[in-house]
Amino acid sequence: MQNKPSNDQHKNIYYRLRRSDPHERLSARLRHFSFGAAVFFVVAAAGIVTHSLYNIQIKQGATFRQYAAQQQLLDSTIQATRGEIYDASGITLASTSVVWTIWADPSYSTALFTSQTVEETGEAVKTVDETTLADVRTFDPTMCAEVSQGITLRLLSGDGESLDSVDTSSAEYQTQYQTVHDALAKNGSSYQVLATKVNNAVKLSIEKYISEYNKNHAKAKTLEDGTVIKKGRISVSSSKSFQRDYPYGAFAASVLGFCNGDGEGFYGLEKSYNDTLAGVNGRTITLRNAYGNATTYAAKDGSNLVLSLDVNVQEVVERYLNEAIYANTVENRGAAIVMNVKTGAILAMASKPDFDPNAPLDFSENLAYLNEQVNAEPEIYTIYKKDANGNYLRDEQGKKIPEEDPDYTGTYRDIQWKNKTITELYYPGSVFKVITATMGVDSGKATYYTTFNCSGAYGVAKETYHCAGKKAHGVQNLAEALRNSCNIYFIQLGQRLGSSAFYDYFDAFGFTERTGVDLPNETGMMKYYTKSQLGEVELSSSSFGQAMAVTPLQVCIAV
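Quick note, my numbering runs 1 ahead of the 1-based positions in the sequence shown.
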């Protein structure tokens, strides 16, 4: 009979069995290590992801949302068409036409250069494997000359078809050709303007020429005569823009004004009514997704402007004003206004010499006249030296130092742009006698039959006044005094009115403030005596228009 093993013996046997398998012990350790490593990497990865999410969504959330919006949204502007300007009968004085800017991408125009892969070692350059080095571009003058000629001929043809009519020996051709050639030669640039304000026919002709050129040069080939046509392309595109047109050139230029290069009203009615004429640009917003949905907000074209100006009256005024200026050797330009005296509507307004609003920066036609004007009034137009801070430099006597070789470009343009009828003051002289006469009649101080004597001279305080040529008109009534333009009559009428009444009428007629005409740059610099300043002499001089400076439009409105 065998004895049964005790419990301790069982444990020892099990223990010995367990220890007898070292691989099992190794596997357990490996499992524990692997589990720990896996947990560590999961936690680390989660930490990295969490940190990245925090960085992207919270810390830099606004920046990345902006990037996302820029990538997902395409926003393009639909330009509104500027309204037109008409005269009172509906004749177009200013209109807008579609024009094109022709531009090139020389960096993508592979036909204009040859490309070679090179490596730089010290000062030597050698050809090597393309996969390891960048390209060096060599300009091809022959190809550039050919393309430049093709584009230039079309630009100057007017219609894109009459290429044979272009004079290639003219200065105009040489200038345009050089502009195109120089632009195409800049093969490191991606945008070069070849021409602006190109009409649609010329634009289409250039597009056709470039398309055919690229088609013929899509593959390199050798012609029967041995000529090799190099593979390459020309990248020329066009951008739509608008051009402001003034069909009658300088006609009513100082009234109409003009637009700047961005199409905004810069002077005249174009500036005053810019918000009305310009309209509101539209937008096309496209969401870049699988469907490419687009939302379009249509542009609201500008409203048209109908003037009180009458082209027939304006034409007569401008013609005779020009004649009067040159017949009388006028130094400081001339101005004229025709107004409907019952309504105040301006039928014509002109300042001469003026400018062509189609080319407002060009003053070449008036250069001699403008030079004379600047030289005649050096106290107004002299240009003085300034330091870096804009302060005038002065000599030992404290006088400002004139520029040795002044540039009057800005001065010339400013002079010819001004609408003299509202921007400059003048002494009305005898014209003002109509106003003084009205003051007398309206106040009851005089009638049409009131008489004063003109002996040819009249003393007021220490001043002695005369009529023109010191002529004595004798006893005359109001109508005769107006016809004779008698200074002495109106001095006596002014004295009868008195300073207080005279000033009140002067103010009521609008001579102490702007007229409020719907044109820009009306001067606010009034020159006159106030009621308290109107002494005997001041009242006498004012009564026949020699003591106050007003604008021509103020006089017309008063009448």
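Heads up, the beta-carbon is just placed ideally off N, CA and C, and yes, glycines get one too.
Secondary structure of V560, DSSP reduced to three states: In the sequence shown, residue 560 corresponds to position 559, counting from 1. Three-state result, V560: coil.
Stretch-stretch touch, CB-based, cutoff 8 Å, three pairs: the stretch 302–311 with the stretch 344–358: yes
Alpha-carbon spacing of E265 relative to N333, whole angstroms: Indexing the sequence shown from 1 puts residue 265 at position 264. Indexing the sequence shown from 1 puts residue 333 at position 332. Whole-angstrom Cα-Cα distance: 29 Å.
Coarse secondary structure for A548, derived from DSSP in three states: Numbered from its first residue, the sequence shown carries residue 548 at position 547. The answer is coil: DSSP assigns A548 none of H, G, I, E or B.
In DSSP terms, what R284 is bridged to: Here residue 284 refers to the residue found at position 283 when the sequence shown is read from its first residue. Beta-bridge pairing links R284 to T78, Y298.
The stretch 422–442 / the stretch 495–504 touching (three or more Cβ pairs under 8 Å): yes
Own chain residues within Cβ distance below 8 Å of V642, not counting five before or after: As displayed, the chain neither begins before 2 nor continues past 560, which places residue 642 out of reach and without an answer.
Buried/exposed call for P553, threshold 16 Cβ in 10 Å: For the purposes of this step, residue 553 is taken as residue 552 along the sequence shown, with counting starting at 1. Buried, since its Cβ has 16 or more Cβ neighbours within 10 Å.
Residue burial classification, A172 (beta-carbon count within 10 angstroms, cutoff 16): Along the sequence shown, read from residue 1 onward, the residue named residue 172 stands at position 171. It is exposed - the Cβ of A172 has fewer than 16 other Cβ atoms within 10 Å.
Simplified DSSP assignment, three categories, for A351: Sequence index remark: in the sequence shown, residue 351 carries index 350 (1-based). A351 falls in the strand class under three-state DSSP.
C-alpha distance - T422 paired with A89, whole-angstrom precision: By one-based count along the sequence shown, residue 422 stands at place 421. By one-based count along the sequence shown, residue 89 stands at place 88. Approximately 20 Å between the Cα atoms of the pair.
N-terminal and C-terminal residue of the beta strand (DSSP E) that R579 is part of: Past the edges of the chain, shown from 2 to 560, lies residue 579, and the structure says nothing about it.
H52, DSSP secondary structure in three states: Within the sequence shown, residue 52 is the residue found at index 51, counting from 1. If DSSP states are grouped into helix, strand and coil, H52 belongs with the helices.
Buried versus exposed, by CB contacts within 10 Å (16 or more), M526: Within the sequence shown, the letter at position 525 stands for residue 526. By the 10 Å Cβ count, M526 comes out exposed.
Distance CB(T285)-CB(T277) smaller than 8 Å: Counted from its first residue, the sequence shown places residue 285 at position 284. Counted from its first residue, the sequence shown places residue 277 at position 276. It is not a contact, given that the beta carbons lie outside the stated cut-off.
Supposed contact pair A112 and H182 - C-beta distance, whole angstroms, cut 8 Å: Translated into the one-based positions of the sequence shown, residue 182 becomes position 181. Translated into the one-based positions of the sequence shown, residue 112 becomes position 111. Wrong, their Cβ atoms sit about 14 Å apart, outside the cutoff.
Local conformation of C1 per DSSP, three classes: Nothing about residue 1 can be reported from this structure: the residues present for the chain run from 2 to 560 only.
Inter-residue Cα distance where the pair is R320 and V314: Here residue 320 refers to the residue found at position 319 of the sequence shown. Here residue 314 refers to the residue found at position 313 of the sequence shown. Their Cα atoms are separated by approximately 10 Å.
Integer-rounded CB distance, given that L322 should sit under 8 Å from G335: The sequence position of residue 335 within the sequence shown is 334, counting from 1. The sequence position of residue 322 within the sequence shown is 321, counting from 1. Confirmed, Cβ separation roughly 5 Å.
Backbone secondary structure at N200 - three-state DSSP: Residue 200 sits at position 199 when you count from the first residue of the sequence shown. Coil.
For S21, three-class secondary structure by DSSP: Looking up residue 21 in the sequence shown gives position 20. Reliability fails at S21, whose pLDDT of 49 lies under 50, so the model's placement of it is uncertain and no value is given.
Contact under 8 Å by Cβ, I79 with G280: Residue numbering aside, residue 79 sits at position 78 when the sequence shown is read from its first letter. Residue numbering aside, residue 280 sits at position 279 when the sequence shown is read from its first letter. Not closer than 8 Å, so no.
Spatial distance of D357 from Y459 (CA atoms): Residue numbering aside, residue 357 sits at position 356 when the sequence shown is read from its first letter. Residue numbering aside, residue 459 sits at position 458 when the sequence shown is read from its first letter. Taking the straight line joining both Cα atoms gives about 49 Å.
Check whether S1 and N188 have beta carbons under 8 Å apart: No information on residue 1 is available, as it lies outside the stretch 2 to 560 that the chain covers here.
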